[in-house]
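Encoded as structure tokens, the structure appears first; notes follow it.
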Amino acid sequence: MKNNIKNKRGKNNIKIILILILSISIILMILLYKKFKENKSNIEETFSNNNYIEKNNVIEVVLPNKKKIEDWKLVLVNKENPLPENFTIELENIDSTKQFDKRAIGELKQMIQEMKKSGVNNIWVQSAYRSTEYQKTLYDNKINDYLSKGATIEEAEILTSEYINKPGESEHNLGLAVDFNNVDNDFENTKAYTWLNENAKNYGFIMRYPEEKSEITGVEYEPWHWRYVGKEHSYKMEELNMCLEEYIEFLETN
Ligand SMILES: [Zn+2]
């Protein structure tokens, strides 16, 4: 009799445990299903918010339209972004042979003046604005030089590109870049370089091709090449530790 009661109780306990396990499983399944549905609608939303192209069965997501940056101080010139052929600019003289964008020359002159006042006298502008036509002459001369030495046109182009940008692909064509002194890596050991590193931002200038960003800029370290972007941007770029390519991308997507 006692044993029978024990057995009954045991069976009841097992039933209760089984019911509990079943209930928990059902609840878990409902929760998992809900989560799955949520994820699916998130993915669908991502696709409906973006344009996507299907090419050769591969779906490529295109980010929503980027903001267009209209600021003249931030025009990006590099191998992927040449200046348009009809690009025009108003220039003003730095000295008898060199010119700079009229809108930024005041800050350039002031920067050089302040640098000299602080005791840095060994500083001069080696190169500033170059017209696209002049750039073309430089480029073609170098190509012809290599061709006359027996290089093929492909070889001549590769060799030339190590030294001279194609016309329209140099920041000097924009009128907002200067090269200082001997256009040499030794410039980084000068007082002028130390001064520029600390103070150029106060005049809206940035070192355009830092060593640690060369993979992004596509240009090797050039301590002598400084680009005008305006104070509001030079401060922000330093704060964000971004080169111009990164900074423009940042402005376009934020
Ligand atoms: Zn330069």
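So the sequence shown is numbered by our numbering: it starts at 9 and just counts up by one. All residues carry an ideal CB built from backbone N, CA and C; glycine is no exception. All of these numbers come straight from a predicted model, not from anything done at the bench.
Integer Cβ distance of residue i from residue j, believed to fall under 8 Å
i    : j    : result
V85  : E179 : 5 Å
D109 : I97  : 6 Å
K74  : T261 : 6 Å
V133 : F195 : Rounded, the Cβ-Cβ distance is 13 Å, inconsistent with contact.
Y255 : M245 : 5 Å
N130 : A200 : 6 Å
V186 : A136 : 5 Å
Backbone CA spacing between residue i and residue j [nearest angstrom]
i    : j    : result
I151 : P175 : 13 Å
V128 : M215 : 18 Å
E240 : I77  : 14 Å
Q107 : S156 : 33 Å
E228 : M37  : 58 Å
Q118 : Y211 : 8 Å
N173 : L167 : 11 Å
L26  : I34  : 12 Å
N181 : P90  : 10 Å
I32  : N21  : 16 Å
E177 : K42  : 54 Å
Y8   : K209 : The question about residue 8 has no answer here: the residues shown for the chain are numbered 9 through 262.
E2   : I161 : No answer is possible for residue 2: the residues shown for the chain start at 9 and end at 262.
N207 : D153 : 40 Å
Residue i - containing beta strand (DSSP E), residue span
i    : result
I214 : 213-215
Bridge partners - residue i, DSSP secondary structure assignment
i    : result
F188 : V133
N235 : Sequence check: residue 235 is Arg here, not Asn. A185, I214.
E170 : Bridge partners of E170: none, in fact.
N20  : Looking at the DSSP assignment, N20 forms no beta bridge with any residue, so it has no partner.
Q143 : Q143 is not bridged to any residue.
D109 : L99
Buried versus exposed call for residue i [16 or more other C-beta atoms within 10 Å across all chains shown]
i    : result
F258 : exposed
E88  : exposed
K125 : exposed
W234 : buried
V191 : exposed
L204 : buried
Below-7 Å beta-carbon distance, residue i vs any chain C residue
i   : result
E78 : Considering every chain present, this structure includes no chain C. It has just one protein chain.
Extent of the continuous alpha helix (DSSP H) run through residue i
i    : result
L116 : 113-125
F258 : 252-261
S222 : 222-225
L204 : 199-207
heavy atom of ligand 2 below 6 Å from residue i C-beta
i    : result
D187 : For the structure depicted, ligand 2 is absent and the ligand set comprises only ligand 1.
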